[in-house]
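Input: a single structure, listed below in structure tokens.
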Amino acid sequence: MRIPRELIDEIIDELDLSEEYDPKIADALKSCALVSTLFVRSCQTRLFARISVRDYERTTGRRDETLSSSPHMSSIMLSYRLSVLLSTSPHLATYIRTLDLCYNASTTEANFVPRILSAVTALHTLILTDHFCASFPLNSSTVAVFSLPTLRRVELRRYQFANPFELESLLSRAKCLKELTLSATFFGENFEHDRVGVTREAGTASNVTLEKLTLVRVDNDVVKPMLDLFTMVDIRHLKHLSIHNSPIMDLLRVNAHFIQTLSLGRAYATVSCRAAYLSDVPDSQIMAGTNHLSCLNLEADEIHAVLTLLPLLGALENLTALKPSALHFTAAWMQTTFPTTTTTSGNSLMSCCSRFPAASGWKYMPPSAISARLPNEWTWTMSIL
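With this note's numbering applied, the sequence shown closes on residue 551, and no number is skipped along the way.
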């Protein structure tokens, strides 16, 4: 008896790897692929939809004995295997939607990562990382993958670009790009923003309009030139902005009237970083201009960082969700009293509740001390877990 294709698809749909890798689900898909040739395509589509060569042990929970204990060497070996597999079975490359690779043009992976990039044809998300913070490998394969009409999301980690024009030229090739993440990205030592005579003209048409921008450990030496000099990639009409240990003020000011979701994350590695980011707090006038902001996510590793941001809530009239998270001290906050009067827009904050993971070294602060730092219309309680 022949199994209907619809039934096969329903069975395989229960084995989902789209959100995160689960070795048990992967093993189940591999087993299903061996049942019948009718299962092969559906199983391969899901097995190869998301490919990552980073953090192999953490992601899979196990390590192949042939892989080195070094994360970089492991990624090289896995990239090599993937390159060989795609060369012998090129149809598998058409199933890849998310590709997460380590790529440095001067190391071993430069011999086969370009082959992987050249093979994919329907990529949705591209994540590239350089363990050594070297220059981004601009070559025909990277230019080609950025030109794919299916590419919607790009994440670049620990790369150096000669200047903002080099970065923008690369990004502008992704005509359908909507989400960009830059982590520990910087420009070359020879680039001096103050000496560049080009600025963004008002009304300049852009080839790419981003909807979401995420910055992680990116300095103002990168952020300000991007705002001032980008003409082909629009970062001034963002709907979603996520800032982690990066400057906030300028980006928020130019996007205030468009932002719907704002995420602010702060974890201080050094005293100098702490001082820099604590001083970069949006003022109430800027926050009051965010008339479309409906969700605010706060992440920090200490209570003082959150307290510098909470007073801004008084300027937010359309906020319907507040999500404190990733706070590494032992406490629980829960909003017990909502404002008795609505704001001028007729909306009030609907929900705010979070539980924080336990950690040592935090000094207890009484609720009265916290309430003193919050807008008057809010009542908060704190309890030790």
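Ideal Cβ placement from N, Cα and C applies to all residues, glycine included. Owing to the predicted nature of the structure, the values given are computational and were not obtained by experimental measurement.
Outcome for S408 when other beta-carbon atoms lying within 10 angstroms are tallied against a minimum of 16: buried
Beta strand (DSSP E) segments (min. 3 residues) lying fully within the region 280-365: 291-295, 319-323, 345-349
Helix, strand or coil: which one does DSSP assign to I242? Shown here, I242 sits in a helix according to DSSP, grouped into three states.
To the nearest angstrom, how far is it from the Cα of E172 to the Cα of V389? 49 Å
When you compare only the Cα positions, how much space is there between L252 and H423? 46 Å
Of the residues A288, L462, V279, the one placed nearest F214, counting alpha carbons only: A288
Can you find the residues in the same chain that come closer than 7 Å, C-beta to C-beta, to D416, ignoring five residues on each side of it along the sequence? V389, K390, L393
From E176 to S313, what does the alpha carbon distance come to, in whole angstroms? 34 Å
Reduced DSSP secondary structure (H/G/I, E/B, other) of D266: strand
Hey, T375 and H403 are a contact pair by Cβ (cut 8 Å); roughly how many whole angstroms apart? 6 Å
Distance between L333 and T351 (C-alpha atoms, nearest Å): 10 Å
So, does the region 186-203 touch the region 276-294, judging by three or more C-beta pairs under 8 Å? no
For S245, is the classification buried or exposed, using 16 other Cβ atoms within 10 angstroms of its Cβ as the cut-off for buried? buried
Do I282 and S306 have their C-beta atoms closer together than 7 Å? no
I425 vs L459 beta-carbon contact at 7 Å: At the C-beta level, I425 and L459 come within 7 Å of one another.
Using DSSP with H/G/I as helix, E/B as strand and the rest coil, what is E186? coil
Rounded C-beta distance between V384 and L346? I'm assuming under 8 Å. Contact flag wrong, Cβ pair sits at about 11 Å.
Anyone know if the C-beta pair for Y261 and T316 falls short of 7 Å? no
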